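These notes are about the structure you will find just below.
Below, the structure written as structure tokens:
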């Protein structure tokens, strides 16, 4: 019998945006502001500075209080005209641990951040800090890559029919009540190098369809949730298919649980998860399973 899903919580009352003040975090800030307005939530912006500055800094960079003042000034300048009240917080410490501690202390319902940039290759990467946030935050983590152009109208939720992916679907239904959702499952024929793929394809599709029906029976959502969810069963490798579907359809957000049962489990945990989250061109929201 499946584990009982937790009851739906109210919309987040507090959103924490973690920023390194780089241009990549501007998009995360714009998205966090949109969400805060839509949910009537408090928005807190946190910038973590290193405990110790490098010893070889020029003289004008050695004033710690001055560095903090400049950081706050930049954040407030970026917020000018945003139309919502924001709390600005500065801290010193190890970035990921400080962000996680602050998010839990304020009972944040959502943690928002941008992606790092590989200065040598000139491309966006997840980075060690974002990877740790995704792996350890008890609340949903939204990693923003795209330029916000309004509310999320279409969302892809990846499922392996596990309880974790069920909670991911329920969260998407709850947090984004106007969005259309594609529930995506990829299946493969086991040992297809040794048995006929074509001969077993329909059997595996039928099995996936039966599992899908059972999965949907245990979803807890608003009264109209079935009208908003379109299941999609597809043969192939899940990570590659999801990336291709997102690019082909222009999906702005993918929601995934970070604990899988099978199939998706191989890339929702460990190094393959990092590759998927880095490869997706859109925003991603990850959720750790509760209960």
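Numbering (full-length UniProt numbering), first residue to last: 1 to 291. Each residue gets a CB set at the ideal place from its N, CA and C atoms; glycine is no exception. Only a predicted model underlies this, so the values are computations on that prediction, with no experimental measurement involved.
Residue 254 carries a strand assignment under DSSP once its states are collapsed to helix, strand and coil.
In this chain, the alpha helix (DSSP H) harbouring residue 104 covers 95 to 105.
Looking at the DSSP output, residue 179 bridges to nothing.
Per the coordinates, the alpha-carbon of residue 110 lies some 5 Å from the alpha-carbon of residue 140. Judged by DSSP in its simplified three-state form, residue 152 adopts coil rather than helix or strand. The three-state secondary structure of residue 134, taken from DSSP, is helix. Take the alpha-carbon of residue 225 and the one of residue 69: they are about 47 Å apart.
Between the alpha carbons of residue 107 and residue 72 lies a distance of about 23 Å. For residue 18, the closest alpha carbon among the candidates 181, 80, 90 is that of 90. Bounds of any beta strand (DSSP E) do not take in residue 13, whose DSSP letter is neither H nor E. Taking one beta carbon from each stretch, the stretch 246 to 261 and the stretch 204 to 212 have fewer than 3 pairs nearer than 8 Å; the two do not touch. Residue 215 carries a helical assignment under DSSP once its states are collapsed to helix, strand and coil. Residue burial annotation: residue 290 is exposed, with fewer than 16 other C-beta atoms found within 10 angstroms of its C-beta. If you draw a straight line from the Cα of residue 154 to the Cα of residue 66, it is about 44 Å long.
Put simply, the backbone Cα of residue 35 is about 8 Å away from that of residue 41. Within the same chain, and ignoring the five residues on either side of residue 252 in sequence, the residues whose Cβ sits closer than 7 Å to its Cβ are 146, 152, 154, 282, 283. The three-state secondary structure of residue 77, taken from DSSP, is helix.
Nearest to residue 76 by C-alpha distance, out of 105, 26, 99, 37, is 26. Sequence-distant Cβ neighbours of residue 280 in its own chain, meaning closer than 8 Å and more than five residues away, are 145, 242, 243, 246, 254. One alpha carbon belongs to residue 163, the other to residue 286, and they sit about 14 Å apart. DSSP lists 183 as the bridge partner or partners of residue 231. Annotated three-state conformation of residue 21 is coil, per DSSP. Residue pairing by DSSP puts residue 44 in a beta bridge opposite 16, 87.
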